[in-house]
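Colleague:
Protein chains: 2
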Amino acid sequence: MTISLYDLCGADRSLRFSPYCWRARMALAPKGLAVETVATAFTEIAAVEDGGCKSVPVLNDNGHIVRDSFDIAVYLDEAYPEKPLFGDDGVVAAARLIESWSNTTVHPILSRMMIKDIHDLLVPADQGYFRESREKRFGKTLEEAQTGLEANAEALARALTPARHALGHFDWLGGAGPLYTDYILFGSLNWLVAITGRLPLPEDDAVAAWFERCLDLHDGLARQAKRAT
Amino acid sequence: MTISLYDLCGADRSLRFSPYCWRARMALAPKGLAVETVATAFTEIAAVEDGGCKSVPVLNDNGHIVRDSFDIAVYLDEAYPEKPLFGDDGVVAAARLIESWSNTTVHPILSRMMIKDIHDLLVPADQGYFRESREKRFGKTLEEAQTGLEANAEALARALTPARHALGHFDWLGGAGPLYTDYILFGSLNWLVAITGRLPLPEDDAVAAWFERCLDLHDGLARQAKRAT
């Protein structure tokens, strides 16, 4: 009996970059469960488990299927209450707001930094799907949409102001220790780091220091992961 | 022995519009304490209590002075643990992020909706200070900075996406019941409503429905408050 996590991969199947999959992997880690990640290309998602999945991560916990990174975190706290990811209903609700804040405010900037780079790292079968869906979403070609790391570094630093403010008061977005609120933003930023190899924030930025602490978590799980560059 | 809350006022001293003061008033309300609000114009803040205050709200709880709306909420939970505003360290940390999100993402839009209207509602002695400090901040005149309710309604609705997402899962930003996370955003939006009389969101917007529920809280405290129009 094992737990499987279907995890988005590139042409190099050891390259795992999805922000949502990273959230799920970081949420699984403190539970101390034996987890097998299953490398999954975009065009392989339709064949995952019962065939009804449109995105990853997908968790299979001994036959119990959970889709969506946030739902996986909620499920994990229900099924494995030790070392809670939320610990309180108020944290779950706040984390929902923070999830959407990161997805709608931080992700568009990260996309502008690397959307063409992501395309180039996909298995050829994925590239057509990725180009078509993303060009439709952005209303421009991937080549036009990617304006680069440096051009968007200031916008990223500015967008992270709310996290920087919280980290002026606490070591973690979860307070005294990491909670799922940390893994939400960590997943977002580790998407960039997996693809481009770095986080373009000033060294003295509290968010950069916190990101390093996140990389150290769970025996350096994310620090040891494959990066494209 | 009483509790006093210094509360920003307009030329009509019953008009209380500061988003930060509204957060503090809503945080005080569930504690069931006898609170006297002290109408305070901008140019009267320097004379509040020990003279060291630069902003309101300022709380005087029988001689114990607390400045800053968030610090007031934290203090209230320490001094009066019943009916917690946070209930958990993880909520405090998340609320810090949400505070900054609202202040840096929502407030600039609200400012563009009404900054000149605010000026016009101040006591004459405040108007010079307000115009000078805000025109310096915005780099333009108040007349140029205010582009109106309708012109910014779409931007406001878009900026509230993270709250709308959370309210798709819970009745309150605090989860099953209101917490300080609710009072943060409520204070922001009630700033607009105190000055302009309305919240320009579609009626079927989950944020608009939640705002109405907030107005009903604590015997309709905010619903019964003076509005400029």
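Chains A and B supply the protein sequences, listed in that same order.
Quick note: the first sequence uses numbering that gives the first Met the number 0, first residue 0, plus one each step.
Quick note: the second sequence uses numbering that gives the first Met the number 0, first residue 0, plus one each step.
Note that beta-carbon positions come from the ideal geometry of N, C-alpha and C, so glycine has one too.
Run down chain A in chain order and give the residues with a C-beta less than 7 Å from the C-beta of B/Gly174.
Modeller: For the purposes of this step, residue 174 of chain B is identified with residue 175 of the second sequence, where counting begins at 1. In chain order: Asp88, Gly89, Val91 and Ala92.
Colleague: Check each candidate in A/Ser187, A/Arg163 and A/Gly186 and name the one with the smallest Cα separation from A/Pro201.
Modeller: Residue numbering aside, residue 201 of chain A sits at position 202 when the first sequence is read from its first letter. Comparing Cα-Cα distances from A/Pro201 to each of A/Ser187, A/Arg163 and A/Gly186, the minimum goes to A/Arg163.
Colleague: Name the DSSP beta bridge partners of B/Ile2, please?
Modeller: If you number the second sequence from 1, residue 2 of chain B lands on position 3. According to DSSP, which records beta bridges pairwise, B/Ile2 is partnered with B/Val34 and B/Asp60.
Colleague: Taking only beta-carbon atoms, is A/Ile100 less than 7 Å away from chain B?
Modeller: Numbered from 1 along the first sequence, position 101 holds the residue referred to as residue 100 of chain A. This sequence places Trp at residue 100 of chain A; Ile is not what is there. Yes, A/Trp100 lies at the interface with chain B (some Cβ there is under 7 Å from its Cβ).
Colleague: Using only alpha-carbon positions, find the residue among A/Ala72, A/Tyr19, A/Tyr79 and A/Arg226 that is nearest to A/Gly92.
Modeller: Against the first sequence, residue 92 of chain A aligns to sequence position 93. The sequence shown places Ala at residue 92 of chain A, rather than the Gly named in the question. The candidate whose alpha carbon is nearest that of A/Ala92 is A/Ala72.
Colleague: Which two residues bound the contiguous alpha helix (DSSP H) that contains B/Ile183?
Modeller: Within the second sequence, residue 183 of chain B is the residue found at index 184, counting from 1. Per DSSP, B/Ile183 belongs to the alpha helix (DSSP H) from Tyr179 to Thr195.
Colleague: Beta-carbon of A/Phe185 versus every beta-carbon of chain B: anything under 7 Å?
Modeller: The count along the first sequence starts at 1 and reaches residue 185 of chain A at position 186. With 7 Å as the cut-off, A/Phe185 does not count as an interface residue toward chain B.
Colleague: Within 7 Å (strictly less), CB to CB, does B/Leu178 reach chain A?
Modeller: As a first step, residue 178 of chain B must be located in the second sequence, where it is residue number 179. Yes, contact with chain A.
Colleague: Where B/Asp218 and B/Asp87 are concerned, what is the direct C-alpha to C-alpha distance, given to the nearest angstrom?
Modeller: Taking the first residue of the second sequence as position 1, residue 218 of chain B is located at position 219. Taking the first residue of the second sequence as position 1, residue 87 of chain B is located at position 88. Each residue's alpha carbon lies about 26 Å from the other.
Colleague: Alpha carbon to alpha carbon, how far is B/Phe185 from B/Leu58? Give it in angstroms, no decimals.
Modeller: As a first step, residue 58 of chain B is located in the second sequence; it is residue number 59 there, counting from the start. As a first step, residue 185 of chain B is located in the second sequence; it is residue number 186 there, counting from the start. So the alpha carbons of these two residues sit roughly 19 Å apart.
Colleague: So, for B/Pro199: in the same chain, excluding its five sequence neighbours on each side, which residues have a beta-carbon less than 6 Å away from its beta-carbon?
Modeller: In the second sequence, residue 199 of chain B corresponds to position 200, counting from 1. For B/Pro199, where only same-chain residues beyond five positions count, the Cβ hits under 6 Å are Leu148 and Ala152.
Colleague: For A/Phe210, is the beta carbon positioned less than 6 Å from some heavy atom of the ligand MG?
Modeller: The model on display carries no ligand, and the ligand MG is accordingly not part of it.
Colleague: So that I know if they touch, is there some Cβ in chain A lying closer than 7 Å to that of B/Phe137?
Modeller: Counted from its first residue, the second sequence places residue 137 of chain B at position 138. No, no contact with chain A.
Colleague: Taking the alpha helix (DSSP H) that A/Tyr229 falls in, what are its first and last residues?
Modeller: It is not possible to answer for residue 229 of chain A, since the shown part of chain A is limited to 0 through 228.
Colleague: Which residue wins for smallest C-alpha separation from B/Tyr128, given the options B/Leu109, B/Ala45, B/Asp203 and B/Ala78?
Modeller: Residue 128 of chain B sits at position 129 when you count from the first residue of the second sequence. The candidate whose alpha carbon is nearest that of B/Tyr128 is B/Ala45.
Colleague: In terms of alpha-carbon separation, which member of B/Gly89, B/Cys52 and B/Arg222 lies closest to B/Trp190?
Modeller: Here residue 190 of chain B corresponds to residue number 191 of the second sequence, with the count starting at 1. Out of B/Gly89, B/Cys52 and B/Arg222, B/Arg222 has the C-alpha closest to the C-alpha of B/Trp190.
Colleague: Using a C-beta to C-beta distance shorter than 9 Å, which residues of chain B count as neighbours of A/His164?
Modeller: The residue you call residue 164 of chain A lines up with position 165 of the first sequence. Within chain B, the residues near A/His164 are Arg95, Leu96, Glu98, Ser99, Trp100, Asn102 and Thr103.
Colleague: Assign B/Thr39 to one of three DSSP states: helix, strand, or coil.
Modeller: Stepping through the second sequence from its first residue, residue 39 of chain B is reached at position 40. B/Thr39 falls in the strand class under three-state DSSP.
Colleague: Judging by CA-CA distance, which residue of A/Pro56, A/Arg12 and A/Glu131 is the nearest neighbour of A/Trp21?
Modeller: The residue you call residue 21 of chain A lines up with position 22 of the first sequence. Comparing Cα positions, the closest option is A/Pro56.
Colleague: Got a sec: is the Cβ-Cβ distance from B/Pro161 to anything in chain A below 7 Å?
Modeller: On the second sequence, position 162 is the one that residue 161 of chain B refers to. So yes, B/Pro161 belongs to the interface.
Colleague: With a threshold of 8 Å on Cβ separation, who are the neighbours of B/Ser13 within its own chain once the five nearest residues in sequence on each side are excluded?
Modeller: The count along the second sequence starts at 1 and reaches residue 13 of chain B at position 14. Taken in chain order, the residues that qualify are Ala38 and Lys225.
Colleague: Is there a Cβ of chain B sitting closer than 7 Å to that of A/Phe169, yes or no?
Modeller: The residue given as residue 169 of chain A occupies position 170 in the first sequence. Yes, because at least one Cβ of chain B sits closer than 7 Å to the Cβ of A/Phe169.
Colleague: So if DSSP puts B/Val73 in a beta bridge, which residue, or which two residues, is it bridged to?
Modeller: By 1-based counting over the second sequence, the position of residue 73 of chain B is 74. Answer is none; B/Val73 lacks a bridge partner.
Colleague: What residues match up with A/Leu7 in a beta bridge as DSSP calls it?
Modeller: Numbered from 1 along the first sequence, position 8 holds the residue referred to as residue 7 of chain A. For A/Leu7, which the question treats as bridged, DSSP gives the partners A/Thr39.
Colleague: A/Arg111: which of A/Lys135, A/Glu142 and A/Glu131 sits nearest, CA to CA?
Modeller: Against the first sequence, residue 111 of chain A aligns to sequence position 112. Looking at the Cα atoms, A/Glu142 is the closest of the given residues.
Colleague: Buried or exposed: A/Gly173, going by 16 or more other Cβ atoms within 10 Å of its Cβ?
Modeller: Reading the first sequence from its first residue, position 174 is the one you call residue 173 of chain A. Answer is buried; the Cβ neighbour count reaches 16.
Colleague: Between which two residues does the alpha helix (DSSP H) carrying B/Leu220 extend?
Modeller: What you label residue 220 of chain B is simply residue 221 of the second sequence in a count that begins at 1. First-last for B/Leu220: undefined, no H or E at that position.
Colleague: Assuming the contact rule is C-beta atoms closer than 8 Å, B/Phe85 and B/Tyr19 should be a hit. Round their C-beta distance to whole Å, please.
Modeller: Position 86 of the second sequence, counting from 1, holds the residue named residue 85 of chain B. Position 20 of the second sequence, counting from 1, holds the residue named residue 19 of chain B. That pair is no contact at about 17 Å.
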